[in-house]
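In what follows, a structure is listed as structure tokens, so that the remarks can point back to it.
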Amino acid sequence: MNIFTAVKEKVSPLEAARFYGLNVNKNGMSICPFHDDRHPSLKLDAKHGGGFYCFGCQEHGDVISLVAGLFRIRNMDAAVRIAKDFHIKYDSKENDPDHPSEEIKKKRSADDRERFAIRRRDLCKLILETLSDMREEKWQCETKAMKILEEDELYCWIVNHINRLDASYDYLLYKSKNEILNAIETIEEEVKNDVSEFKELCKRSKGTA
Numbered sequence: 079m080n081i082f083t084a085v086k087e088k089v090s091p092l093e094a095a096r097f098y099g100l101n102v103n104k105n106g107m108s109i110c111p112f113h114d115d116r117h118p119s120l121k122l123d124a125k126h127g128g129g130f131y132c133f134g135c136q137e138h139g140d141v142i143s144l145v146a147g148l149f150r151i152r153n154m155d156a157a158v159r160i161a162k163d164f165h166i167k168y169d170s171k172e173n174d175p176d177h178p179s180e181e182i183k184k185k186r187s188a189d190d191r192e193r194f195a196i197r198r199r200d201l202c203k204l205i206l207e208t209l210s211d212m213r214e215e216k217w218q219c220e221t222k223a224m225k226i227l228e229e230d231e232l233y234c235w236i237v238n239h240i241n242r243l244d245a246s247y248d249y250l251l252y253k254s255k256n257e258i259l260n261a262i263e264t265i266e267e268e269v270k271n272d273v274s275e276f277k278e279l280c281k282r283s284k285g286t287a
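If you're matching positions, the sequence shown starts at 79 in the numbering used here and goes up one per residue.
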């Protein structure tokens, strides 16, 4: 039997918590050591193979991860420590890091999936929050920019006349000769007036810039 299985079958989270100094009440609750806890929020299972769960910070796991968290050590080191302190026998060959057992492989795979899920969740949350802030700032910038543009005489004049000048160009380019002859005087007058006004507004705009 490998060390992880042996430890979890012989020591409950509640037993380990009491052994390593946590004050556990009769309901199996203790002050959580993983966050600034003022009232007991850590529930410890009294059953072998059971787990623990904090209702405050949501920290959870089995007896090995509990001890690993208490002493800030690796799960393997925590398992070895528990086995030594509680005099638990196990097959040391099954704990060879170069030849991990199937249970360890499954646990590593589960841990990898959990870490991936957490990273993806946190990254998605960060992106959504940032996109929301960016859209808000973009809208405010555009609103400010539009207010400035709406007060700009040259910009407003261009908006009101540019389509008409485009239309005049298309008319001269694509209409028949007879159609153009009938309208060319009117077009010419409008175009020259627009050109004159445009140049005057450009000078005025540069003079006040």
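The C-beta atom is built at its ideal place from N, Cα and C for all residues, glycine as well.
Given the structure is predicted, the values throughout are model-derived calculations rather than measurements.
Cβ-Cβ separation, residue j to residue i (assumed contact under 8 Å), whole Å
i, j, result
"Val-89", "Ile-151", "In fact, because the Cβ distance is near 16 Å, the residues do not count as touching under 8 Å."
"Asp-140", "Gly-129", "5 Å"
"Leu-148", "Asp-123", "Not really, about 16 Å apart at Cβ, beyond 8 Å."
"Leu-232", "Cys-280", "7 Å"
"Ala-95", "Leu-144", "7 Å"
"Lys-86", "Met-107", "Their Cβ separation, rounded to whole angstroms, is 21 Å, which puts Lys-86 and Met-107 out of contact at 8 Å."
Neighbour-count burial assignment, residue i, 16 or more Cβ in a 10 Å radius
i, result
"Tyr-168", "buried"
"Ile-81", "buried"
"Leu-100", "buried"
"Ser-119", "buried"
"Ala-195", "exposed"
"Ala-146", "buried"
Limits of the unbroken beta strand (DSSP E) element including residue i
i, result
"Cys-132", "129–132"
"Asp-163", "Where Asp-163 is concerned, there is no enclosing beta strand (DSSP E), although the alpha helix (DSSP H) it sits in stretches over 153–163."
"Lys-121", "120–122"
"Asp-244", "Note, Asp-244: premise wrong, no beta strand (DSSP E); alpha helix (DSSP H) at 231–252."
For residue j and residue i, the rounded distance between their alpha carbons
i, j, result
"Ala-156", "Ile-142", "6 Å"
"Asn-103", "His-165", "25 Å"
"Glu-215", "Glu-266", "45 Å"
"Lys-183", "Glu-220", "54 Å"
"Asp-200", "Glu-207", "11 Å"
"Arg-198", "Asp-190", "12 Å"
"Asp-272", "Arg-213", "38 Å"
"Cys-234", "Tyr-252", "29 Å"
"Val-237", "Asn-256", "31 Å"
"His-117", "Gln-136", "15 Å"
"Cys-110", "Arg-193", "22 Å"
"Ser-254", "Asn-260", "10 Å"
"Lys-284", "Ile-240", "20 Å"
"Met-154", "Ser-210", "43 Å"
"Ala-223", "Arg-186", "54 Å"
"Gln-218", "Glu-278", "32 Å"
Reference residue i; option with closest CA among the options
i, options, result
"Leu-250", "Arg-242, Ile-262, Thr-221", "Ile-262"
"His-126", "Ala-84, Phe-97, Pro-111, Arg-96", "Ala-84"
"Val-269", "Arg-282, Ser-246, Ser-283, Tyr-252", "Ser-246"
"Asp-163", "Glu-229, Tyr-98, Pro-111, Thr-264", "Tyr-98"
"Arg-282", "Cys-132, Ala-223, Lys-222, Asp-230", "Asp-230"
"His-138", "Val-158, Met-154, His-117, Phe-112", "Phe-112"
"Leu-243", "Leu-227, Thr-264, Ile-226", "Thr-264"
Bounding residues of the alpha helix (DSSP H) (the contiguous stretch that carries residue i)
i, result
"Gly-147", "141–149"
"Leu-92", "91–97"
"Glu-87", "81–88"
Contact test: residue i Cβ vs the ligand ADP heavy atom, cutoff 7 Å
i, result
"Met-79", "With respect to the ligand ADP, the structure offers nothing, as it holds no ligand at all."
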